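Numbering (UniProt numbering), first residue to last: 1 to 295.
Beta carbons: idealized from backbone N, C-alpha and C, even for Gly.
For clarity, every value in this text was computed on a predicted model and none was experimentally measured.
Quick notes on the structure that follows.
Given below as structure tokens:
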């Protein structure tokens with residue numbers, strides 16, 4: 001059957017999607033935007049998202065999603081993998097110079113996932129001053145302790161806990177997950193959301209500056225974590241998450257001298273406009289994999 005430009009078919013517990021372009025699982029899952037997808041020996045990726053466990057394979061324009069069905073593809077995975085967006089158009093808009101042409105070529109299969117904003121917020125609170133393997137381990141352990149159990153092919157997986165589920169955590173338990181000094185921030189966020197003091201869905205109706213300031217009401221959330229939360233939840237695409245390392249990358253590639261965070265944000269806003277988030281992801285992945293800006 002046809003669905004929004006794709007040919008889709010269900011075989012047992014798999015959904016086969018044909019005519020998928022601009023998609024590379026390595027680029028999508030290893031570009032730093034998510035922490036729950038693990039590469040398998042056959043090159044596929046298995047992960048947990050939206051309360052489901054899923055295996056993803058891709059080859060020659062064919063996307064194969066295992067442990068799901070047509071209805072879940074339409075209601076969940078189509079949006080989650082941002083399949084409704086023309087990434088060839090995005091690439092044209094961000095390839096404004098030779099640097100971006102190289103970055104886009106290198107990460108040509110990146111798609112920005114539309115992740116749950118609550119999970120994204122906590123994941124990027126955990127990411128502060130942290131390395132990806134440790135972030136992944138902590139997020140997985142939090143899910144194991146507080147999330148609902150899911151089964152796929154006889155294996156147990158765990159959904160990321162809701163704010164209500166996580167609000168039952170104790171500081172001592174959270175410390176066992178490796179979250180370190182971030183434990184108190186996680187507990188504070190769970191309490192604020194569970195008690196209705198902050199409704200994360202409200203950011204959708206705000207402009208970007210308002211939304212960033214709104215998220216910074218949470219303890220442990222600065223501009224970078226707020227921007228990551230907005231970008232990787234598919235809420236705002238005109239943000240340009242900037243930490244110390246991205247700052248060095250921009251100084252090396254564009255400014256050729258020291259630049260303030262404010263100058264980098266202003267440059268990205270003026271230069272890339274509403275596509276700033278996409279540009280940042282291509283640049284981030286390209287620079288990280290090629291050790292640009294590394295010291």
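- Query: Start and end of the beta strand (DSSP E) containing residue 47?
  - Reply: For this step, residue 47 is matched to residue 47 along the chain shown. Where residue 47 is concerned, the enclosing beta strand (DSSP E) stretches over 45-49.
- In chain order, which alpha helix (DSSP H) runs of at least 4 residues are fully inside the region 82-154? 87-94, 98-106, 117-126 and 132-146
- Task: With DSSP as the reference, label residue 165 as helix, strand or coil.
- Result: Here residue 165 refers to the residue found at position 165 of the chain shown. Reduced to three states, the DSSP call for residue 165 is helix.
- Task: Output the boundary residues of the beta strand (DSSP E) element that contains residue 292.
- Result: Numbered from 1 along the chain shown, position 292 holds the residue referred to as residue 292. No beta strand (DSSP E) contains residue 292, which DSSP labels as neither H nor E.
- Under a three-way DSSP split, which group does residue 67 fall into? Within the chain shown, residue 67 is the residue found at index 67, counting from 1. In this structure, residue 67 counts as coil in the three-state DSSP scheme.
- Report the rounded CA-to-CA distance for residue 178 versus residue 4, giving the unit in angstroms. As a position in the chain shown, residue 178 is number 178, starting the count at 1. As a position in the chain shown, residue 4 is number 4, starting the count at 1. A direct Cα-to-Cα measurement between residue 178 and residue 4 gives close to 43 Å.
- Query: Does DSSP put residue 280 in a helix, a strand or coil?
  - Reply: Counting from one through the chain shown, the residue named residue 280 turns up at place 280. Residue 280 falls in the helix class under three-state DSSP.
- Proximity to residue 47 [Cα-Cα], best of 162, 66 and 61: Locating residue 47 in the chain shown gives position 47, counting from the first residue. Measuring from the Cα of residue 47, the nearest candidate turns out to be 66.
- Query: Which class does residue 198 belong to by DSSP, given the choice of helix, strand or coil?
  - Reply: Looking up residue 198 in the chain shown gives position 198. Residue 198 falls in the coil class under three-state DSSP.
- From residue 205 to residue 160, what distance separates their C-alpha atoms? To locate residue 205, count along the chain shown from 1; it is residue 205. To locate residue 160, count along the chain shown from 1; it is residue 160. Taking the straight line from one Cα to the other gives about 25 Å.
- Item | 7 Å Cβ cutoff met for residue 63 and residue 26 | Counted from its first residue, the chain shown places residue 63 at position 63. Counted from its first residue, the chain shown places residue 26 at position 26. Contact flag unset, no.
- Message: Measuring CB atoms only, is the region 131-148 touching the region 32-40, in the sense that at least three cross pairs come out at less than 8 Å?
- Response: yes
- Message: Spatial neighbours of residue 110 within its chain, please: C-beta separation below 7 Å, excluding the five flanking residues on both sides.
- Response: Here the question's residue 110 lines up with position 110 in the chain shown. Same-chain partners within the cutoff: 27, 28, 31, 281, 282 and 285.
- Query: From residue 190 to residue 97, what distance separates their C-alpha atoms?
  - Reply: Within the chain shown, the letter at position 190 stands for residue 190. Within the chain shown, the letter at position 97 stands for residue 97. Their Cα atoms are separated by approximately 43 Å.
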